[in-house]
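For reference, the structure is listed below as structure tokens.
There are 2 protein chains.
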Amino acid sequence: MITIFSEDHRLQDGKAELIDGKLVPCFEMPKRAEIVRARVAEVGLGDIEGPLHFGREPLLRVHKPEFVSFLETAWDEWKREHGDYDALPLNWLAPGMRRKLPERIDGKMGYFSFDAGTPITAGTWRAITASANVALTGQARVAKGERAVFALCRPPGHHAGSDFYGGYCFFNNAAIAAQAFRDSGAKKVAVLDVDYHHGNGTQEIFYSRGDVFFASLHGHPAQEYPYFLGYEDETGEGAGEGCNANYPLRWGTGWDDYETALDDAIAKTRRFKPDALVISLGVDTFRQDPISKFKLDSPDYLQIGRKIAALKLPTLFVMEGGYAVEEIGINAVNVLTGFEEA
Amino acid sequence: MITIFSEDHRLQDGKAELIDGKLVPCFEMPKRAEIVRARVAEVGLGDIEGPLHFGREPLLRVHKPEFVSFLETAWDEWKREHGDYDALPLNWLAPGMRRKLPERIDGKMGYFSFDAGTPITAGTWRAITASANVALTGQARVAKGERAVFALCRPPGHHAGSDFYGGYCFFNNAAIAAQAFRDSGAKKVAVLDVDYHHGNGTQEIFYSRGDVFFASLHGHPAQEYPYFLGYEDETGEGAGEGCNANYPLRWGTGWDDYETALDDAIAKTRRFKPDALVISLGVDTFRQDPISKFKLDSPDYLQIGRKIAALKLPTLFVMEGGYAVEEIGINAVNVLTGFEEA
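From first to last, the protein sequence lines are chains X and A.
In terms of my numbering, the first sequence is residues 414 to 755.
In terms of my numbering, the second sequence is residues 414 to 755.
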């Protein structure tokens, strides 16, 4: 399996995120991607290639123009007003407030974001466009006939919506790739999200569309970030009714319950009869993840890969979360080797 | 003029708020109220008395029960999960997310809050109930015949809505007092908010009511916190249509433009023919305020007091913001002495 990777991911190196009432070093750090890349090389998964450049157009297929423009200039605007220190928003919309874009950068950040854990830095724009290009390069390779490709994206993407960022995510790499499959001829595409956190951005982007099926297995929103989406009764709307499937799972979920949910998600994916498959590949379901509460073990990720392979679809793996840094390589690559062995 | 004051305000002594991408010492600090109290004594404004205790009932007249219960137990829930360090939320609702109350404290805080600058601490519940009692005690004295009373509330309140906190505010003292006027016989009540920031909470609480008129002069939401409310076209709805008046003013506004807006707000208040008046008294319109951008001078506050006095209404002054700590006493008390001299 080919891996697509860009060194530019390192340009997103935030100092701190707000958690537990404190600013602590970002869990989403450059080392994550480096360890996955090293593991890819170690097991000899296949070639590691750099991304091509696709420009703005594919981003604008799923993100609103004002959001893309905001991300492009946010750091400069912030720096002009606040100096050379990572940008975090300070307030958001209370119920009944109006989503009207303010003029100042603090207001704009409140408008476009939903947490205080996703710093915009000097290198953010280059890192996030590179990450999207990694996904798009992988997609193009699959569209041209590869059975499967690994897009080693960083920063991750699945929390980012049509016009909001958060959860370490800015551009929704998986959604951008799914849309690119549609635009390169696939009639129907499925996105399966196995990250520990609900893929709220992907759901938001495709919620009313019948051509993209989205399934997510994740920590129950009553217990877990991002808290305000990811319930079972969210099944899509309009043309998208029936094309959204959430599997909220409680703290402490181990392989047995996870497998049951995964099998159901895969069965639903199969029934949708997609022409291509995008996997939002997070491995923060691992039992030692520092911010998550599932109990999966490293061999379980081989199983996940085998089950995905059984769908026999052109498949793009897009890297998302996973914060047990030392094991992230083993677990992520286990999914890929499980897939290849199947 | 009698001043009502509680030492319990000191129990709200947050360590830090998120601003400029950093956690910095809270601008909203105990010293603020102490300096105002010292100035009240220095000029011999009148007696300083402690608050009576009014219990939950008057809080529940403007705040939702689940919000009051949340504030009562939030610190204990936080401490159980995160330890003995100030509680700040980490994420909020993105567009399209569902306002469904999560089980865990981090999720609950995201549900009920709109910024990362309003820490919940061990002493918050006692401080905010004391602050509400200060406002209610002042209101009761006015209802019994005092021409005017100064409720030296801290923490402030005007950003707090029916079920959300933020902007250093938890209970909306001014709204609680305005409702108490209604409940003690006033047919119509006006709230005039001269704090630098929009009184978004007060607006939200009374927006569809015809019995409470709300006017606010404040930094323009395109430029200033809380950014997402406070525009001129917000005039009330339903029975409250025409009972809300916003005066968004641009950075650099000095006395001349401020006076024009204030005269208009006072004229509108007069036309409403209220039986009682509540003033949300912030003095962060001062030229040296560290987080605000108006250019009022200390003598201008005497003028504000005189203009309010000309309404010849039973009047409750409720302390809100003001972060130029050394001058907060002079400026706040200037409003009160201006009122008394008129």
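The beta carbon of each residue, even a glycine, is placed where N, CA and C say it ideally should be.
For Ala603(X), the beta-bridge partners assigned by DSSP are Phe626(X), Leu690(X). With the criterion set as a beta carbon lying under 7 Å from some beta carbon of chain X, the members of the region 498-511 of chain A are Tyr498, Asp499, Ala500, Leu501, Leu503, Asn504, Trp505, Leu506, Ala507, Pro508, Gly509, Met510, Arg511, in sequence order. For the options Val746(A), Gly751(A), Thr416(A), Leu501(A), the alpha carbon positioned closest to that of Gly551(A) is the one of Thr416(A).
Annotated three-state conformation of Tyr714(A) is helix, per DSSP.
Phe752(X) carries a helical assignment under DSSP once its states are collapsed to helix, strand and coil.
Out of Arg663(X), Trp664(X), Asp646(X), Leu662(X), the CA that lies nearest to the CA of Cys656(X) is found in Asp646(X).
Under a criterion of Cβ atoms nearer than 8 Å, the residues of chain A adjacent to Asn613(X) are, in order, Ala507, Met510. In the structure shown, Ala535(X) falls within a coil segment according to DSSP collapsed to helix, strand and coil.
From the listed residues Val746(X), Cys566(X), Asp688(X), Ala545(X), the smallest Cα separation to Arg469(X) is found for Ala545(X). Following the DSSP letters along the chain, one finds Val731(X) inside the beta strand (DSSP E) bounded by residues 728-732. Taking a contact as a CB-CB distance under 8 Å, the pair Asn504(A) and Tyr638(X) counts as one, their CB atoms being some 6 Å apart. Under the three-state reduction of DSSP, Asn585(X) is assigned to coil, being neither helix nor strand.
With the rule of 3 Cβ pairs closer than 8 Å, the region 422-435 of chain A counts as touching the region 548-568 of chain A.
The alpha carbon of Lys435(A) has as its nearest neighbour, out of Lys686(X), Arg684(X), Gly530(X), the alpha carbon of Gly530(X). Taken atom to atom, the span from the alpha-carbon of Arg450(X) to that of Asp460(X) is near 11 Å. Within the DSSP bridge table, the entry for Ser526(A) names Tyr578(A) as partners. With respect to the 8 Å criterion, Thr666(A) and Lys708(A) are classified as neighbours on the basis of their beta carbons. Here the region 674-681 of chain X does not lie against the region 587-599 of chain X, with fewer than 3 beta-carbon pairs under 8 Å apart. Under the three-state reduction of DSSP, His631(A) is assigned to strand. Within chain A, the residues Lys513, Leu514, Pro515, Glu516, Arg517, Gly520 have their CB atoms less than 9 Å from the CB of Ala635(X), given in chain order.
Per DSSP, Glu430(X) lies in no alpha helix (DSSP H); the unbroken beta strand (DSSP E) holding it starts and ends at 430-432. Taking 8 Å as the CB threshold, Glu617(A) lines the interface with chain X. Listed as beta-bridge partners of Ala500(A) by DSSP are Ile533(A). Neighbours of Ile432(X) in chain A, taken as residues at a C-beta separation under 8 Å, are given in chain order as Leu503. For the region 707-719 of chain X, the beta-carbon criterion of a distance under 9 Å to any beta-carbon of chain A is satisfied by none of its residues.
Between His495(A) and chain X, the shortest Cβ-Cβ separation is below 8 Å.
If the five residues before and after Glu650(A) are omitted, its C-beta is found closer than 8 Å to the C-beta atoms of Tyr620, Ser621, all from its own chain and listed in chain order. Under the Cβ distance rule, Pro639(X) counts among the residues neighbouring chain A, one pair being separated by less than 8 Å.
Taken atom to atom, the span from the alpha-carbon of Ile741(A) to that of Arg445(A) is near 7 Å. At a cut-off of 8 Å, the C-beta of Gly574(A) has a neighbouring C-beta in chain X. Residue-level contact by beta carbon fails for Ala722(A) and chain X, as no gap is shorter than 8 Å.
Our two residues, Asp710(A) and Asp426(X), have alpha carbons roughly 44 Å apart in a direct line. Distance from Thr728(A) to Ile692(A) at the Cβ level is roughly 6 Å; contact confirmed, criterion being Cβ atoms closer than 8 Å.
The Cβ atoms of Lys706(A) and Trp668(A) do not sit closer than 8 Å to each other. Residue-level contact by beta carbon holds for Gly523(X) and chain A, with a gap shorter than 8 Å.
In summary, the residues of the region 577-609 of chain A whose CB is separated from some CB of chain X by less than 8 Å are Phe577, Gly579, Gly580, in the order they occur in the chain.
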